[in-house]
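Trainee: Residue numbers (the working numbering): 131 to 632. Ideal Cβ placement from N, Cα and C applies to all residues, glycine included. Quick caveat: nothing in here was measured; it's all calculated off a predicted structure.
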Amino acid sequence: MKDRNYIAGLGDMVGSAVTLYGWVSKARASGKIAFLTLRDGSGTCQCVLEKGDATAAFFDEAKKLAQETSVRIVGTVRADERAAGGVELHDITEFECIGGSGDYPITPKAHGIDFLMNRRHLWFRSQRQWRILRIRATIVDAIRSFYNDRGFVLIDTPIFAPAIGEGASTLFEVDYFGEDIFLAQTGQLYVEAACMAHDKVYCFGPTFRAEKSKTRRHLTEFWMVEPEIAFADLDEVLELAEDFVCHIVDRVVAKHRDDLESLGRNVADLELVKKPFARITYTDARDILHGSAARELLEKDLGDKTERVKALGSKIEELEAGRASAKKAWQIEKAAQEIQAAREERSELEEQIVNIPNHIKLASEFEWGTDLGGVDETIISRLHDGPVFVTHYPKEVKAFYMREDRADGRLVENFDLLAPEGYGEVIGGSMREEDFDILLRKIKAHNLPVENFEWYLDLRRYGSVPHGGFGLGVERTVAWMCGLKHIREAAAYPRMMGKVYP
RNA sequence: UCCCCGAUAGCUCAAUUGGUAGAGCGAGCGGCUGUUAACCGCUAGGUCGUAGGUUCGAAUCCUACUCGGGGAGCCA
131 MKDRNYIAGL GDMVGSAVTL YGWVSKARAS GKIAFLTLRD GSGTCQCVLE KGDATAAFFD
191 EAKKLAQETS VRIVGTVRAD ERAAGGVELH DITEFECIGG SGDYPITPKA HGIDFLMNRR
251 HLWFRSQRQW RILRIRATIV DAIRSFYNDR GFVLIDTPIF APAIGEGAST LFEVDYFGED
311 IFLAQTGQLY VEAACMAHDK VYCFGPTFRA EKSKTRRHLT EFWMVEPEIA FADLDEVLEL
371 AEDFVCHIVD RVVAKHRDDL ESLGRNVADL ELVKKPFARI TYTDARDILH GSAARELLEK
431 DLGDKTERVK ALGSKIEELE AGRASAKKAW QIEKAAQEIQ AAREERSELE EQIVNIPNHI
491 KLASEFEWGT DLGGVDETII SRLHDGPVFV THYPKEVKAF YMREDRADGR LVENFDLLAP
551 EGYGEVIGGS MREEDFDILL RKIKAHNLPV ENFEWYLDLR RYGSVPHGGF GLGVERTVAW
611 MCGLKHIREA AAYPRMMGKV YP
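1. Residues in its own chain within less than 6 Å of A157 by CB, not counting five upstream and five downstream?
2. Quick check on the DSSP output: the alpha helix (DSSP H) that includes K269 runs from which residue to which?
3. By alpha-carbon positions, which one of I410, I469 and V505 ends up nearest to N485?
4. Do the segment 492-510 and the segment 471-481 make contact, defined as three or more Cβ pairs closer than 8 Å?
5. Starting from the Cα of K615, find the closest Cα among D380, S343, L432 and G552 and give me that residue.
6. Once the 5 residues before and after A575 are set aside, which same chain residues still bring their CB inside 8 Å of it?
7. Using alpha carbons as the reference points, say which of V383, G558, A441 and V204 lies closest to M269.
8. Taking Cβ positions, are S560 and E543 nearer each other than 8 Å?
9. Taking 7 Å as the limit between beta carbons, can you name the residues of its chain near H489, skipping five residues before and five after?
10. If you reduce the DSSP assignment to three classes, tell me which class N582 lands in.
11. Taking 7 Å as the limit between beta carbons, can you name the residues of its chain near R625, skipping five residues before and five after?
12. If you draw a straight line from the C-alpha of S392 to the C-alpha of Q259, how long is it?
13. Measure the alpha-carbon distance for T508 versus G242 and round it to whole angstroms.
14. What three-state label does DSSP hand H241 in the structure shown?
15. Tell me Y332's beta-bridge partners as DSSP assigns them.
16. If you draw a straight line from the C-alpha of H386 to the C-alpha of I265, how long is it?
17. Which first and last residues belong to the beta strand (DSSP E) in which L150 is found?
18. With a threshold of 8 Å on Cβ separation, who are the neighbours of G145 within its own chain once the five nearest residues in sequence on each side are excluded?
19. Starting from I509, trace the beta strand (DSSP E) in both directions and tell me its first and last residue.
20. If you follow the beta strand (DSSP E) that M611 is in, where does it begin and where does it stop?
21. With DSSP run on the structure shown, which of helix, strand or coil describes R409?
22. At 3 residues or longer, and completely inside the segment 157-210: list those beta strand (DSSP E) runs for me, N to C.
23. Tell me the residue span of the alpha helix (DSSP H) that contains H616.
24. Of the choices K181, L246 and S256, whose alpha-carbon is the least far from that of I222?
25. State whether the segment 213-233 contacts the segment 170-186, with contact taken as three or more CB pairs (one from each stretch) at a distance under 8 Å.
26. With a threshold of 8 Å on Cβ separation, who are the neighbours of L263 within its own chain once the five nearest residues in sequence on each side are excluded?
27. Just mark P406 as buried or exposed, buried being the case when its beta carbon has 16 or more other beta carbons within 10 Å.
28. Suppose you measure from the CA of R212 to the CA of L150; what does that come to, to the nearest Å?
29. Kindly indicate the opening and closing residues of the beta strand (DSSP E) around A549.
30. Work out the CA separation of R416 and T316 for me, nearest whole Å.
31. Kindly indicate which residue of C376, L364 and R134 has the alpha-carbon position closest to the one of R536.
32. Which ranges would you report for the alpha helix (DSSP H) in the segment 338-402 if only whole runs of at least 4 residues count?
33. Write down the C-beta distance between F282 and K239 rounded to the nearest angstrom, noting that I regard them as a contact closer than 8 Å.
34. Does W610 pass the burial test, meaning 16 or more other C-beta atoms within 10 Å, or should it be called exposed?
35. Helix, strand or coil for M326? Go by DSSP, reduced to three states.
36. What are the boundary residues of the beta strand (DSSP E) that includes R212?
Shown next, in the form of structure tokens:
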């Protein structure tokens with residue numbers, strides 16, 4: 131559109147006449163004045179229409195606009211502290227309805243998650259979702275620029291892949307002209323080959339996991355970036371991961387402070403993310419889980435949460451009494467909403483309280499040689515301030531391609547990065563086994579068909595070098611940056627078990 | 001795959017513990033010159049998820065199923 135102004139730029143245009151195109155996200159009208167909140171993709175701005183000669187031609191139409199009507203509107207920018215955002219549009223001289231609307235399902239009231247998820251295509255017009263997806267775009271851009279600026283070459287790895295990598299049970303099977311193949315759950319092996327051509331490479335794209343998980347941390351389709359570097363040791367890979375995560379955090383904080391605050395994200399917690407991150411080994415982690423600090427943490431949790439449930443109980447009683455004695459309808463409604471919120475919080479806490487003794491048991495009985503579970507990771511993460519690297523896991527619980535620790539044959543040179551505040555594993559990575567004989571032995575030990583891995587073994591036949599890399603999950607990172615309770619808000623069209631619409 | 005919770009109006013939830021289905025919001029109409037999810041009045045709107053069972057009587061109790069939410073396992 132020619133002569134179009136964007137809301138994001140209105141701060142510098144006070145006093146000027148501007149033309150806005152956008153959608154009406156909220157409309158309130160009195161007899162002689164109407165307030166339209168306009169959303170144009172760059173931001174939101176309130177437009178004030180007063181009934182008068184200048185607006186006579188369209189005032190009656192404008193005051194009845196349904197939510198999400200698309201319009202063109204011409205007026206003058208005015209600074210006004212009563213308006214959210216500091217400026218508003220007044221002295222409206224032209225108004226045109228471009229696309230009508232009506233019965234828009236997502237009202238300014240509360241909605242359930244099932245309702246919203248079934249209308250995801252509309253839901254992401256809402257302020258909160260709009261901010262999250264913009265932050266995601268920044269994160270994706272930060273990922274690309276980080277590697278591109280450091281001389282990494284982008285390699286696109288295949289999405290159709292034969293069964294390589296870890297257990298085939300978590301892969302989506304596809305009929306490929308009569309042949310059974312799978313949607314890729316990682317591009318890692320492919321990117322390793324490219325690493326031997328370009329030295330520093332990364333792949334970035336969607337990956338697929340058929341795990342039957344219905345939790346706040348899982349999607350069946352998610353984006354992952356996987357860098358791989360040659361002639362490197364574990365410390366160098368860890369340092370890359372550290373710099374990378376810091377770069378993302380810096381970019382998000384620099385560009386989205388307002389958005390983060392609006393989302394309720396504590397920005398100070400993000401600003402604490404500085405290198406070097408804590409580094410512990412798997413064996414250290416085992417000791418932490420068996421130690422008194424872990425036990426005390428959980429016991430304190432139990433005490434705190436029990437207290438909170440009691441407090442909520444009396445709060446609910448008070449609110450119910452208040453609701454019974456309230457006279458105004460809105461007072462009754464307000465009390466009802468507070469009661470509902472308190473009940474929800476209480477039932478969530480009650481479930482956690484039931485689980486805590488089990489967590490204490492799991493932690494104290496953790497055995498060397500098993501993988502760390504989500505509960506274990508949360509405990510370790512909470513006993514540290516920032517992100518934590520956990521390195522050197524037992525080789526039995528890790529993938530065949532991970533490099534054996536030459537100092538202790540029971541271990542592999544791998545790592546996970548646990549994000550703080552319970553966001554869990556955002557990175558998993560390792561050195562890759564570069565020795566032909568060891569790799570071949572491990573392929574056989576994992577009962578994998580050697581013939582499928584001939585190409586991968588070639589990388590060790592022709593100029594093998596120490597190399598390593600990692601994968602970072604975009605949605606988990608977005609959830610962490612934004613402080614989201616559930617990963618489903620971190621993708622425009624999240625794919626989960628039993629959820630593929632829209 | 002396992003455990004817990006839920007399903008009542010377009011939406012979010014009530015229904016005094018088995019006795020004639022309610023409120024707010026949203027929608028429609030009217031009023032109000034400054035609203036920000038909280039103004040006032042009126043109107044329309046429900047086979048209480050599905051199928052059985054218990055009972056004089058079921059939204060409420062029982063069984064099965066479907067769908068959804070949360071968690072475990074597993075993972076990024």
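Mentor: In this structure, then:
1. If you number the first sequence from 1, residue 157 lands on position 27. Taken in chain order, the residues that qualify are L166 and L195.
2. To locate residue 269, count along the first sequence from 1; it is residue 139. At residue 269 the sequence reads Ile, which differs from the Lys that was named. Q257 to D279 is the span of the alpha helix (DSSP H), which, as asked, contains I269.
3. Position 355 of the first sequence holds residue 485. Nearest of I410, I469 and V505 to N485, Cα basis: V505.
4. no
5. As a first step, residue 615 must be located in the first sequence, where it is residue number 485. Of the listed residues, the one whose Cα sits closest to K615 is G552.
6. The residue you call residue 575 lines up with position 445 of the first sequence. So the qualifying residues of the chain are F530.
7. To locate residue 269, count along the first sequence from 1; it is residue 139. The question names Met, but residue 269 is Ile in the sequence shown. The shortest Cα separation from I269 among V383, G558, A441 and V204 belongs to V383.
8. Looking up residue 560 in the first sequence gives position 430. Looking up residue 543 in the first sequence gives position 413. Cβ atoms of S560 and E543: closer than 8 Å.
9. For this step, residue 489 is matched to residue 359 along the first sequence. Within the same chain, H489 has close Cβ partners L428 and V505.
10. The residue given as residue 582 occupies position 452 in the first sequence. If DSSP states are grouped into helix, strand and coil, N582 belongs with the helices.
11. As a working mapping, residue 625 is identified with position 495 in the first sequence. The residues are L349, T350 and E351.
12. Here residue 392 refers to the residue found at position 262 when the first sequence is read from its first residue. Here residue 259 refers to the residue found at position 129 when the first sequence is read from its first residue. Rounded to whole angstroms, S392 to Q259 spans 11 Å at the Cα level.
13. By one-based count along the first sequence, residue 508 stands at place 378. By one-based count along the first sequence, residue 242 stands at place 112. So the two alpha carbons sit approximately 28 Å from each other.
14. Residue mapping note: residue 241 aligns to position 111 of the first sequence, counting from 1. The answer is coil: DSSP assigns H241 none of H, G, I, E or B.
15. Indexing the first sequence from 1 puts residue 332 at position 202. In the DSSP output, where bridge partners are listed per residue, Y332 has L284 and P357.
16. Numbered from its first residue, the first sequence carries residue 386 at position 256. Numbered from its first residue, the first sequence carries residue 265 at position 135. Straight-line Cα distance between these residues: approximately 7 Å.
17. Here residue 150 refers to the residue found at position 20 when the first sequence is read from its first residue. Residues A147 to A159.
18. Working through the first sequence from its first residue, we reach residue 145 at position 15. Result list for G145: T206, V207 and R208, in chain order.
19. Counting from 1 along the first sequence, the entry for residue 509 is found at position 379. Taken as a continuous stretch (DSSP letters only), I509 belongs to no beta strand (DSSP E), being part of the alpha helix (DSSP H) at G504 to R512.
20. Position 481 of the first sequence, counting from 1, holds the residue named residue 611. Where M611 is concerned, there is no enclosing beta strand (DSSP E), although the alpha helix (DSSP H) it sits in stretches over V604 to C612.
21. Reading the first sequence from its first residue, position 279 is the one you call residue 409. Strand, per DSSP.
22. 163-169, 174-180 and 200-209
23. Reading the first sequence from its first residue, position 486 is the one you call residue 616. Counting along the chain, H616 falls outside any alpha helix (DSSP H), and DSSP gives it neither H nor E.
24. Position 92 of the first sequence, counted from the first residue, corresponds to residue 222. When each option's Cα is compared against that of I222, the closest is K181.
25. yes
26. Mapped onto the first sequence, residue 263 falls at position 133. Cβ neighbours of L263 beyond the five flanking positions: F254 and A622.
27. Translated into positions along the first sequence, residue 406 becomes position 276. With fewer than 16 other Cβ atoms within 10 Å, it is exposed.
28. The residue you call residue 212 lines up with position 82 of the first sequence. The residue you call residue 150 lines up with position 20 of the first sequence. Cα to Cα, the separation comes out at about 20 Å.
29. Numbered from 1 along the first sequence, position 419 holds the residue referred to as residue 549. Start and end: N544 to A549.
30. Numbered from 1 along the first sequence, position 186 holds the residue referred to as residue 316. Numbered from 1 along the first sequence, position 286 holds the residue referred to as residue 416. For T316 and R416, the distance between alpha carbons rounds to 28 Å.
31. Working through the first sequence from its first residue, we reach residue 536 at position 406. Comparing Cα positions, the closest option is L364.
32. 364-392 and 397-401
33. For the purposes of this step, residue 282 is taken as residue 152 along the first sequence, with counting starting at 1. For the purposes of this step, residue 239 is taken as residue 109 along the first sequence, with counting starting at 1. Contact doesn't hold; Cβ gap of about 47 Å is too wide.
34. The residue labelled residue 610 in the question sits at position 480 within the first sequence. The residue is buried, with at least 16 neighbouring Cβ atoms inside 10 Å.
35. By one-based count along the first sequence, residue 326 stands at place 196. If DSSP states are grouped into helix, strand and coil, M326 belongs with the helices.
36. Position 82 of the first sequence, counted from the start, is the residue given in the question as residue 212. From DSSP, R212 is part of no beta strand (DSSP E); its letter is neither H nor E.
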